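**Student:**
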Amino acid sequence: MSADLKQKIYVAGHRGMVGAAIVRALKEKGYQNIVTRTHAELDLTNQEAVKSFFESEKPAQVYLAAAKVGGIYANNTFPAQFIYENLMMQNNVIHQAFVSGVKKLLFLGSSCIYPRLAKQPMSEDDLLTGKLEPTNEPYAIAKIAGIKMCESYNRQYGMTHGIEYRSVMPTNLYGPGDNYHPENSHVIPALIRRFHEAKVTNAPEVVIWGTGSPKREFLYVDDMAAASVFVMDLDESIYGQQTSSMQSHINVGFGSDVTIAELASTIGKVIGYQGNISYDSTKPDGAPRKWMDSCRLNKLGWNPKVDLEQGLLLAYADFQKINSQ
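Position 273, counted from 1, in the sequence shown is what this note's numbering calls 287; the numbers after and before it change by one each time, with no gaps.
1) How would you write the range of the beta strand (DSSP E) that Ala26 sits in, first residue to last?
2) Less than 8 Å between the beta carbons of Arg230 and Asn265, yes or no?
3) Counting beta carbon pairs with one atom in the region 102 to 110 and one in the region 235 to 243, are three or more of them shorter than 8 Å?
4) Measuring straight from C-alpha to C-alpha, what distance separates Leu1 and Lys65?
5) The ligand FMN heavy atoms versus the CB of Ser199: any closer than 7 Å?
6) Tell me whether Arg169 is buried or exposed, calling it buried when 16 or more other Cβ atoms sit within 10 Å of its Cβ.
7) If you draw a straight line from the C-alpha of Leu142 to the C-alpha of Pro129, how long is it?
8) Please classify Arg180: does DSSP put it in a helix, a strand, or coil?
9) Looking at the secondary structure, which residues open and close the alpha helix (DSSP H) in which Val214 lies?
10) I need the DSSP call for Met306, collapsed to helix, strand or coil.
11) By the three-class DSSP mapping on this structure, what secondary structure does Met15 have?
12) Within this structure, are the beta carbons of Ala39 and Gly191 separated by less than 8 Å?
13) Would you call the region 114 to 125 and the region 69 to 81 touching, i.e. three or more CB-CB distances under 8 Å?
14) Tell me whether the beta-carbon of Ile155 lies closer than 8 Å to the beta-carbon of Pro298.
15) Let me make sure I understand the geometry here. Which of Met136, His263, Val214, Tyr167 has the alpha-carbon closest to that of Gln334?
16) Give me the Cβ distance between Ala241 and Leu311, rounded to the nearest whole Å; I'm assuming they're in contact under 8 Å.
17) Going straight from the alpha carbon of Thr257 to that of Lys162, what length do you get?
18) Is the separation between the beta-carbon of Thr273 and that of Glu323 shorter than 8 Å?
19) Below 8 Å on the Cβ atoms is my contact criterion, and I expect Phe232 with Val220 to pass it. Report the Cβ-Cβ distance as a whole number of Å.
20) Write down the C-beta distance between Asn89 and Tyr153 rounded to the nearest angstrom, noting that I regard them as a contact closer than 8 Å.
21) How would you label Ser125, buried or exposed, when you count the other beta carbons within 10 angstroms and need 16 or more for buried?
22) On a Cα-Cα basis, can you pick out the residue from His53, Ile48, Glu211, Asp332 that is closest to Lys72?
23) Can you name the residues that DSSP bridges to Phe232?
24) Straight-line CA distance for Arg180 to Ser270?
25) For the beta strand (DSSP E) that Glu219 lies in, which residues bound it at each end?
26) Between the alpha carbons of Gly289 and Ser259, how many angstroms are there, rounded?
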């Protein structure tokens, strides 16, 4: 086994959907020295606790997948928690990683960093060119700060300390380990739960928030994890061909999007729901469209493997497994 595969890698947020997928992807690549901590074992908003962790463990690489996340309802209801907790986690992990000598770190952001009315598809160039979507602005601000923190540490310490702190911006993710909470979940897990319950109870109708017209792009979480490891392992000279010192983040998308109505229809088909689907236009739609331009990642040599229907079948199987426990 090569020295690279033996290096210690810390995955922050390994119990979350993305973090768990990154652990799976790392193990699949042959990495064996993977360090994780639960929230009970390490509160990432606690500066002293994070400092002690890095001093004792001294990982060589960090995947920062820990975050407070949620859908429109959660973001609207808990804006202070979303901005505070995400900023604190990022600041503590990135800074203490640097202090302890971590050379490579990957920060995971979100497509919500881009302006609400950004041209479609959204390019990395669109960052900080317009107003954000109000329903998740606090979360987006935190994620933008994370990107700029990685860039700032690279600019100040890259040459002197040999660090490479990179950022990837995933589109909407779904898959095993998702949050199926009836109120605080994202659109795909929320719809999987709603359609499943409607099927079980023989409900004549499923009502979807909004008009059904907004378009969204969805990426299966194991594809996102594979892309994360791919970006982390890229040679610095190759990564630099598609980035710059003050625009270093890389989009990770599927490459096409669907309307919420099309998504609902596909989920209904996957689950086997036979009733009607209607739309409550009094509820918010969110941004009219969020489609990522992933050309830079594609040029670096990575493309997704799992299409939407295949991914939804896998996600529904995961939901049924969780529901039966």
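Even for Gly, the Cβ is constructed at its ideal location relative to N, Cα and C.
Being a predicted model, the structure only gives us computed values, none of them experimental.
**Tutor:** Reading from the atomic positions:
1) 23 to 26
2) no
3) no
4) Summary: the structure shown does not reach residue 1, with the chain confined to residues 15 through 339, and so no result is reported for it.
5) Ligands displayed in this structure: none; no statement on the ligand FMN is therefore possible.
6) exposed
7) 7 Å
8) strand
9) 201 to 215
10) strand
11) Note that Met15 has pLDDT 37, beneath the 50 cutoff, so the model's placement of it is unreliable and no number is given.
12) no
13) yes
14) no
15) Val214
16) 7 Å
17) 13 Å
18) no
19) Incorrect: roughly 19 Å between the Cβ atoms, too far for contact.
20) 6 Å
21) buried
22) Ile48
23) Asn186
24) 25 Å
25) 219 to 223
26) 52 Å
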